[in-house]
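So the structure is just underneath, and the comments pick up after that.
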Amino acid sequence: MDDSMGEQFDDSDLNITEEVAAPTTQDFGLDDINTSDTEALTASQVIELMESAWLNEKFSPEILPHKTEIVDCLLGQISYMEENLENLESNDFQKSLHQMETYRLRYLVTSYLRIRLEKIEMFNYEILKQEEVREEKNEESYLSAGELQFAKEYKENLEQHFDNVLSFWPGLPPDDWKKEYIKPNLHSFVFLKSKTEIEGVIIDDGNEEDGDLVDFKNGSQMIISYNSVSNLVKKGDVQLI
Amino acid sequence: MSLVLSYSPNYFSIDDILASQERTPCKFLTNVPKLGKLNPASEDDDLAAGTSLELPIWLVQPLSSGRHAIIAADLPRIYTEPYREILKADPVAVDLHKFNLYFYEFGLYAKSFDIRGDVATTLIYTFITRFRKIMDLADNMGLDPLINDGLDMLERGLFFEGHKARTKLNNWLIQTGMQLEAANMVTNHKKRKRVNLEDII
Amino acid sequence: MDPDVLEFLAEKQRVNIIPTINSNVIHLISGDVGPFRAGLPVQVPLWMAVNLKQQQKCKIQAPDWMDVDVLETIKDREKVSRNFIKMPSEHYMVEAKLLLSAAPDDIPRTDEIRTIIKDIWDMRMSKLRASVDSMMKESGSYAAVDNLTIMEINSIRPILPHALDQLYRLKKAARMHGSTQSQNTTTFNSRLTITPFKS
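Protein chains in written order, with this note's numbering: chain A, 9 to 249; chain B, 4 to 204; chain C, 57 to 255.
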């Protein structure tokens, strides 16, 4: 992946001296960034959280609670860096490395957001219904404001499209497809790594009576059904891998 | 598509629509006016009680259930005992594709006409026993276009996704310079032969 | 997941390089790297190490485990162990691929190292296939995959999780036998309303 990124920089004729000026981002990474009122995180911690959210989103069958703060924070860092890079000479030795890093981080964020958009399209009705339920219960929304807007517009377009198409078939009951919307298979098997000691995880093996109880050691890895661990994923006690 | 989801039936699933199209033997319990054209052997306008026909299972299931059942459904031939015996003997040797394109999906519908639950047991045993074969096929480097002929559609889906992922991995491994290509093919061949022998014994 | 994506993930791993250039600290978003003093080892992310090596601005120091003797020991342990042994690096395959191809001149006995790593990989793959097979045969509803690296786990994805998903569907259907309303039935019952047979 980086090979192709690397090829974009033509710095073969760089003449590096000892006196390369450090970019004007001296305190980057050292600065604490406020992601919420209570937590202060370094930029590298933000990247770790982003990576973790990306992998969880990639492997979980359902859409997970949004991480807008982390996304915004990281995008802010990337933009800030990119602005600073404009002031650097194009043959600066450090510039290409900074650029490579911003490309890598952009990939991380965009891949994460794309996966969520795909889920919103695929499970549109289910996700919007869940969001309504959460709103009624005064629970935190899983979609970001932008995603919610996208989801609603997508739904409108879909319905408009179906109305247009189905109007040619007067005999068809036009609303049936809305009742049979596609839901994620929450029982899908996933791989995970435990980030802490967890006792008594109930395995959903499909039987009516309670399934086996399993203990996770810190660092232990399992293949298990997602619904047995979905709350642990959301709490951050396990990482999907 | 970056979401790799396993198959599960939904309203829009073509596989589910096609599987529920499969025909099931049934017998009419009452006369049905004006449906004689369903029976190609008869020229009557009405369909007489006692007529035996094969109808798609999406139609058979609702018409055969409930208090006002119009038809009595039978188990499709491929799930009857003689066929179950063949599957019990050696599921790996069976050409499931010939049994039925949607052997498992159709079976999940047809099992409701099997009171003792033998069909469901057969589906599970067949799937578990044939999995090794699917995995071996998916892991093989070359793709013989005829190779998945013996697989039903569900197995094909597994094979296809597995093979796609395996090919990507193998291509990546070749880039490591570890000369995995030739070696991999040889070991796979050996393994497959050995496994087949075990299966015969 | 594509192996390329796993490679991306592994490229943040830190490795030692010996720069041939001098430079101040680089303030990356992910943290500071450097300063670079020609001849003095310094830790950098793998992606940067490969990039600098390609520009001939550094030599790469192989990780401790990327050594014929160490790897032979690992191979012997893997051979006698019934379980998977813990690998010295979570990303040993990616590190081996990138470092051995970028810096064959810096790492001694690269061909031998490649061969041993391939042997270890093959051994672990064949153990993995056997465990996957027995997990299916026992139709387990969970299993420990301790000490498997992500690249190894990825080698049985999606086929194992997808097969287990299907097995679960079949098992669930088997338990519901007798009741005519299978999980699928609802789907086509509602499709049925488009037919003239609706009673």
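Just so you know, even glycine gets a beta-carbon here, dropped at the ideal spot from N, CA and C.
- Of the residues B:P65, B:E164, B:D98 and B:K114, the one whose Cα lies closest to the Cα of P79 of chain B is B:K114.
- Secondary structure in the segment 87 to 127 of chain C: the beta strand (DSSP E) runs of 3 residues or longer, each lying completely within the stretch, are 87 to 89, 98 to 101 and 114 to 117 in chain order.
- Judged by DSSP secondary structure, I211 of chain A falls outside any alpha helix (DSSP H); it is assigned neither H nor E.
- With the rule of 3 Cβ pairs closer than 8 Å, the segment 145 to 155 of chain C counts as touching the segment 204 to 222 of chain C.
- When DSSP states are grouped into helix, strand and coil, Y198 of chain C belongs to the strand group.
- When the Cα atoms are used, K187 of chain A and Y14 of chain B turn out to be separated by approximately 9 Å.
- Ranking C:A219, C:A229, C:L226 and C:K228 by CA distance to the CA of V198 of chain A puts C:A219 first.
- In the DSSP assignment, F31 of chain B is bridged to B:I74.
- Secondary structure at I81 of chain B: helix, using DSSP grouped into helix, strand and coil.
- In this structure, the straight-line span from the alpha carbon of G95 of chain C to that of I74 of chain C is close to 5 Å.
- Within chain C, the residues whose beta carbon sits less than 8 Å from that of R135 of chain B are D189 and M192, listed in sequence order.
- Only those residues of the segment 12 to 29 of chain B whose C-beta falls short of 8 Å from the nearest C-beta of chain A are listed: N13, Y14 and F15.
- When only Cα atoms are considered, V97 of chain B and G53 of chain B end up about 35 Å apart.
- H195 of chain A counts as buried, since no fewer than 16 other beta carbons sit within 10 angstroms of its beta carbon.
- Contact annotation: L50 of chain B and V35 of chain B have beta-carbon atoms nearer than 8 Å.
- Residues of chain C whose Cβ lies closer than 8 Å to the Cβ of G219 of chain A are, in chain order, S197.
- Considered as a whole, the segment 134 to 212 of chain C harbours 148 to 158, 166 to 193 and 206 to 211 as its complete alpha helix (DSSP H) runs of no fewer than 4 residues, in chain order.
- Excluding the 5 residues flanking it on each side, T110 of chain A has same chain C-beta neighbours closer than 8 Å at I86, M89, E90 and L93, in chain order.
- Taken through DSSP and simplified to helix, strand or coil, P192 of chain A comes out as coil.
- Excluding its 5 nearest sequence neighbours in each direction, A158 of chain C has C-beta neighbours in its own chain below 8 Å: A105, V106, K109, Q110 and I116, listed in chain order.
- Among the bridge pairs identified by DSSP, F224 of chain A is matched with A:I206.
- According to DSSP, L104 of chain B shares a beta bridge with no other residue.
- The residues K114, in chain order, have a CB closer than 6 Å to that of A123 of chain B in the same chain once the five nearest residues on each side in sequence are set aside.
- It is roughly 36 Å from the alpha-carbon of R142 of chain A to the alpha-carbon of S23 of chain B.
- In this model, I20 of chain B and D184 of chain A are separated by some 15 Å (Cα to Cα).
- Within chain A, no residue has its CB atom less than 9 Å from the CB of L161 of chain B, the nearest being about 13 Å off.
- With 16 or more neighbouring CB atoms inside 10 Å of its own CB, F116 of chain B falls in the buried class.
- The Cβ neighbour count for F106 of chain B, taken over all protein chains shown within 10 Å, is at least 16; the residue is labelled buried.
- Its chain contains F199, L200, K201, S202 and I249 as the residues whose beta carbon lies nearer than 8 Å to that of Q229 of chain A, once the 5 sequence neighbours on both sides are disregarded; these appear in chain order.
- Under the three-state reduction of DSSP output, K201 of chain A falls in the strand class.
- Residue range P59 to A66 is occupied by the alpha helix (DSSP H) that includes V61 of chain C.
- In this structure the segment 59 to 67 of chain C touches the segment 162 to 177 of chain B; the number of beta carbon pairs closer than 8 Å is three or more.
- Going by beta carbons, P119 of chain C and E67 of chain C fall outside the 8 Å limit.
- For M230 of chain A, the three-state secondary structure derived from DSSP is strand.
- When Cβ-Cβ separations below 8 Å define contact, I77 of chain C makes no contact with chain B.
- Annotation: the continuous alpha helix (DSSP H) that includes S87 of chain A extends over T76 to E94.
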